[in-house]
Amino acid sequence: MGVVWGFLSALCFGSADFIARGVSVKLSAYHALFYIHLVSGVLLGIVVALDGIPSTATIAAVGLAVALGAVNTLGTLLLYRSLSIGKISLVSPITSTYGGVALILALLAGDAISIGGIFSLVLMLVGIVIVSIVRENNDSPDAQQVGLRGVPEAAVAAIALGINFWAMQFVVGPLGTYIPILIGRMVTVILLALLVRPTRQSIAVPPRELWLKIGAAGFVTTLGEVAYNVGVQGATPGIVAVVSSLFSPVTVLLALIFLHERMARHQWVGVGIIFIATLMLGIFQNFG
């Protein structure tokens, strides 16, 4: 079932990131993240109030959740930044390689993964790399610079998110499914509020016409993280992380439909490889 939850989280992440990209373009990545996570935090606060705090909660787990919240804030901020300034069909797949980061950490930690599962994961990452290849018709330095906008941010976001999603397993056990995400949202809101002046950013109340998108992004990204946390409780975290990294084809497809971003033939091949690898992974992990 871990693969199923990972795939569900991918659908949510891909949709939420596309919506968040639109908000980030209108405001800024910083401004958008503050309000999207504020909405998410309010929703999670209601859920936690109804669900209660588990008796297994510890101060150490809360401390780790706070640290991961800071890491997640950095990763998500850079993700939104890359999506707002770069080409979605390039930066989204690069960010989605956080699954590879989480897998490496899982293997180093001694998690047991079958040979077939490893092959499927490697094939999946190959597909992600293929999707990430952009061929510019203009080889001038200016064209190459424009084509690479958002790439550094996407790469650092992948590392930060990979660390966050791999380590989430250590706080989900004692704190449950919802509290780690709520703590992360609180950390994001507090950090961005404290740093708004030093970074010369703004967290002014957004225009009324953007609140529907902000609410949708906050709700859908919350569903994605809840699905992920449920998944890591019953499967190898590295596998759930890699499957959840399939959010990229969702974001790219939405960009293709609504923003008319074109995908090259090799990128379609890469998307096909990714989905075949996902099917293989599900077979190997559930029937292998």
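Numbered by my numbering, the letters in the sequence shown go through residues 43 to 330 in order. Built from N, CA and C at the ideal position, the CB exists for glycine as well.
Taking the alpha-carbon of residue i as reference, which of the options has the nearest alpha-carbon?
{"i": "Thr-139", "options": "Leu-288, Val-46, Ile-101", "result": "Leu-288"}
{"i": "Ala-297", "options": "Ile-130, Gly-105, Glu-251", "result": "Ile-130"}
{"i": "Ala-62", "options": "Ala-107, Leu-149, Val-262", "result": "Val-262"}
{"i": "Ser-82", "options": "Arg-227, Ser-156, Phe-55", "result": "Arg-227"}
{"i": "Val-231", "options": "Gly-141, Ile-221, Asn-206, Ile-245", "result": "Ile-245"}
{"i": "Ser-194", "options": "Val-84, Pro-135, Ile-146", "result": "Note on residue identity: the sequence assigns Pro, not Ser, to residue 194. The shortest Cα separation from Pro-194 among Val-84, Pro-135, Ile-146 belongs to Pro-135."}
{"i": "Ala-319", "options": "Leu-165, Ile-299, Phe-212, Glu-267", "result": "Leu-165"}
{"i": "Pro-216", "options": "Ala-258, Pro-249, Val-104", "result": "Val-104"}
{"i": "Ala-99", "options": "Val-311, Thr-241, Phe-212", "result": "Phe-212"}
{"i": "Leu-145", "options": "Val-285, Gln-309, His-302", "result": "Val-285"}
{"i": "Gly-169", "options": "Ile-325, Ile-315, Phe-326", "result": "Ile-315"}
{"i": "Gly-257", "options": "Asn-114, Val-113, Ser-57", "result": "Ser-57"}
{"i": "Gly-152", "options": "Leu-85, Val-214, Leu-53, Trp-208", "result": "Trp-208"}
{"i": "Val-238", "options": "Ala-71, Phe-55, Asp-59, Ala-52", "result": "Ala-71"}
{"i": "Gly-128", "options": "Leu-190, Ala-112, Leu-147", "result": "Leu-190"}
{"i": "Ala-200", "options": "Phe-326, Arg-123, Glu-251", "result": "Arg-123"}
{"i": "Leu-80", "options": "Phe-317, Trp-253, Val-268, Arg-304", "result": "Trp-253"}
{"i": "Arg-307", "options": "Asp-59, Gly-142, Ile-172", "result": "Ile-172"}
{"i": "Ala-198", "options": "Gln-243, Val-143, Arg-250", "result": "Strictly speaking, residue 198 in this sequence is Val, with Ala absent from that position. It is Val-143."}
{"i": "Leu-301", "options": "Val-46, Phe-60, Leu-69", "result": "Phe-60"}
Would you grab the beta carbon distance between residue i and residue j for me? Rounded to a whole angstrom, and I think it's under 8 Å.
{"i": "Ile-157", "j": "Leu-149", "result": "Their Cβ separation, rounded to whole angstroms, is 13 Å, which puts Ile-157 and Leu-149 out of contact at 8 Å."}
{"i": "Leu-75", "j": "Leu-119", "result": "5 Å"}
Is the CB-CB distance between residue i and residue j below 9 Å?
{"i": "Gly-159", "j": "Leu-50", "result": "no"}
{"i": "Val-292", "j": "Gly-48", "result": "no"}
{"i": "Ala-202", "j": "Gly-117", "result": "yes"}
{"i": "Ile-221", "j": "Ala-107", "result": "yes"}
{"i": "Val-274", "j": "Gly-87", "result": "no"}
{"i": "Lys-255", "j": "Val-89", "result": "no"}
{"i": "Val-229", "j": "Ala-112", "result": "yes"}
{"i": "Leu-110", "j": "Met-210", "result": "yes"}
{"i": "Tyr-77", "j": "Pro-240", "result": "no"}
Starting from the C-beta of residue i, find all residues in its chain whose C-beta is less than 8 Å away, skip the five residues before and the five after it, and write them out in chain order.
{"i": "Ile-101", "result": "none"}
Apart from the five residues on each side of it in sequence, which residues of its chain come closer than 7 Å, Cβ to Cβ, to residue i?
{"i": "Val-67", "result": "Ser-126"}
{"i": "Leu-321", "result": "none"}
{"i": "Val-84", "result": "none"}
{"i": "Phe-326", "result": "Ser-156, Gly-158, Gly-159, Ser-162"}
Can you list, in chain order, the residues of its chain with a C-beta nearer than 6 Å to that of residue i? Leave out the 5 residues immediately preceding and following it.
{"i": "Asn-114", "result": "Asn-206, Gly-226"}
{"i": "Ala-196", "result": "Ser-124, Val-133, Ile-136, Thr-137"}
{"i": "Pro-96", "result": "Gly-218"}
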